[in-house]
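Asker: Have a look at this one.
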Amino acid sequence: MNEKILQLLDGREEHYPHVLEQEYPRILAKILELWDSNDAEAYFNELLIDDRGDRAGFPPKAASEIIHLSLIHSRQLTPTQPRIDPWESAAPISKAVVERNGNLFANQTLLDAAESGDLDVMHHLLQDGKENLNSTDSRHWTPLIVAAFNGHDLVTRMLLEFGADPAAQDKSGYTALHWAAYNGQSRTVKLLLHENADINARSLSGWTPLMQAATRGHLGVAILLVDRGADVNLSSQDGSTALLKAAANGHIDIVKLLLDKGADTTIQLKDGSTALSLASKNGHHGIAALLQSLS
2 MNEKILQLLD
12 GREEHYPHVL
22 EQEYPRILAK
32 ILELWDSNDA
42 EAYFNELLID
52 DRGDRAGFPP
62 KAASEIIHLS
72 LIHSRQLTPT
82 QPRIDPWESA
92 APISKAVVER
102 NGNLFANQTL
112 LDAAESGDLD
122 VMHHLLQDGK
132 ENLNSTDSRH
142 WTPLIVAAFN
152 GHDLVTRMLL
162 EFGADPAAQD
172 KSGYTALHWA
182 AYNGQSRTVK
192 LLLHENADIN
202 ARSLSGWTPL
212 MQAATRGHLG
222 VAILLVDRGA
232 DVNLSSQDGS
242 TALLKAAANG
252 HIDIVKLLLD
262 KGADTTIQLK
272 DGSTALSLAS
282 KNGHHGIAAL
292 LQSLS
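Put into C-alpha cells, the structure is as follows:
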C-alpha cells in the first residue's frame, strides 16, 4: 500500500482505494500530485461529473473511492472545523435508538443531506447500508429527487452510484429528471441521463422533462434533452406540448430550437389554442411573427 495514501486515510486500510490503484493508476497518481494544490477540487469534480457527455464513467467501486478521497480532501481544506457527525443533531437520541426504531431518523437525515448538498453526511449514511436510498417525504420525494431539484451534482452522483432509482416518482408522477429540468440544472440532467433516466418520462398530468425546461426557459437543458432524443411532440393531458409551453411563456430561443427539431405547430390545446394564438395573446410578438411565417 502507498504510504502517502495511508497517511491521508489516517491509517484506515479499509478505505484504501484498491480499485483506483489497480485499474486507474494514472488517475490516482494525479490525485496525489494535485492534493496540496488549488487544482485538486476541480479535478475531483472533473472525474465525478462528465460535462462533455462522452465518457463511459467509472464502475461503482471506483467512483465510491474517488468520492471518499474527495471528502477527505474537503475536510483538510477546513481543518479548523470538527468532522461532521450526522448523528450529532439527533441528541439526545442515540444511534442505537434510531436503529431500533427502523432508521426513521436516518431517513430524514438522508433527505436533509440531499436538500443541503452535504456530501459528507450523505456518504456516512450510505456507507451504513442502502435501506434508506429511496425513502420519501410527504411529497414522495426521494433523496435523489431532492438533490436533483437543488442541483447538488456530487450528491446526485453519489446516490446514483449507490443505486438510487432515477425512475422513482413523486405524488404527482414527476421524476428526478423532471425536477432537474424544471430548475435548469444542466449538469444534474447529464448525470441522470447517463444513468438511463427516462428522457420522456410522463407525470400524472402528462408533463415531460422537456416541457418543464421549455416552460421555464432553460435553453441549455432543452438542448441537452432534444440532442439526447427527447420527443418534442409529446402532449400533456390538456394537449400542451413543449412548443406550446415555450410560445406561451415567451421563450423564443427554445421555440426556434423545437421548430428546428420538428415540433408540430398545428397541435392544439383542448380549448383550441395553438402556439401562435398563445404567443399573440400573451404579447410575444417575435414568436408570433416567427410562427406566422411558417403557417
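Counted the way the working numbering counts, the sequence shown spans residues 2 to 296.
Cβ atoms here follow ideal geometry from the backbone N, Cα and C, with glycine treated the same way.
Since the model is a prediction, treat every value here as computed from it, not as a measurement.
What is the rounded straight-line gap between the Cα of Lys31 and the Cα of Glu66?
Answerer: One C-alpha to the other measures close to 14 Å.
Asker: Consult DSSP for Lys172 and reduce its assignment to one of helix, strand or coil.
Answerer: Reduced to three states, the DSSP call for Lys172 is coil.
Asker: Secondary structure at Lys262, three-state DSSP: helix, strand or coil?
Answerer: Reduced to three states, the DSSP call for Lys262 is coil.
Asker: Quick check on the burial criterion: 16 or more other C-beta atoms within 10 angstroms. Buried or exposed for Ala97?
Answerer: Residue confidence for Ala97 is low, a pLDDT of 47 falling below 50, so the modelled location carries little weight; the figure read from the coordinates is stated next. Burial call: exposed.
Asker: Would you kindly check if the distance between the Cβ of Leu33 and the Cβ of Lys62 is under 8 Å?
Answerer: No, they are not a contact pair.
Asker: To the nearest angstrom, how far is the alpha carbon of Ala198 from that of Leu112?
Answerer: Between Ala198 and Leu112, the C-alpha separation is close to 20 Å.
Asker: Hey, how far is the Cα of Ala276 from the Cα of Leu292?
Answerer: Rounded to the nearest angstrom, the two C-alpha atoms are 8 Å apart.
Asker: Which same chain residues, not among the five before or five after Ala214, have their C-beta less than 6 Å away from its C-beta?
Answerer: If we look at Ala214 and ignore the five residues flanking it on each side, its Cβ neighbours are Ala182, Val222 and Ala223.
Asker: Do Leu178 and Asp121 have their C-beta atoms within less than 8 Å of each other?
Answerer: For Leu178 and Asp121, no; Cβs fall outside 8 Å.
Asker: Just how far apart, CA to CA, sit Asn46 and Leu155?
Answerer: Their Cα atoms are separated by approximately 8 Å.
Asker: Less than 8 Å between C-beta atoms, sequence neighbours within five positions excluded: which residues of the same chain meet that for Leu258?
Answerer: Closer than 8 Å at the Cβ level, and outside the excluded window around Leu258, lie Leu220, Ala223, Ile224 and Val227.
Asker: Would you call the CB atoms of Arg217 and Leu192 closer than 8 Å?
Answerer: It is not a contact, given that the beta carbons lie outside the stated cut-off.
Asker: What's the C-alpha gap between Ala64 and Glu162?
Answerer: Taking the straight line joining both Cα atoms gives about 7 Å.
Asker: Between which two residues does the alpha helix (DSSP H) holding Asn250 run?
Answerer: It spans Ala243 to Asn250 - the alpha helix (DSSP H) in which Asn250 sits, taken as one unbroken run.
Asker: CA-CA distance, Gly185 and Leu270?
Answerer: Distance between the alpha carbons of Gly185 and Leu270: 25 Å.
Asker: Using only the alpha-carbon positions, how far apart do Gln170 and Pro26 sit?
Answerer: Spanning the two alpha carbons is a distance of roughly 39 Å.
Asker: Around the Cβ of Pro347, are there at least 16 other Cβ atoms within 10 angstroms (buried) or fewer (exposed)?
Answerer: Since the displayed the chain opens at 2 and closes at 296, residue 347 lies outside it and no answer follows.
Asker: Within 10 angstroms of its Cβ, does Arg203 collect 16 or more other Cβ (buried), or is it exposed?
Answerer: So Arg203 ends up on the buried side.
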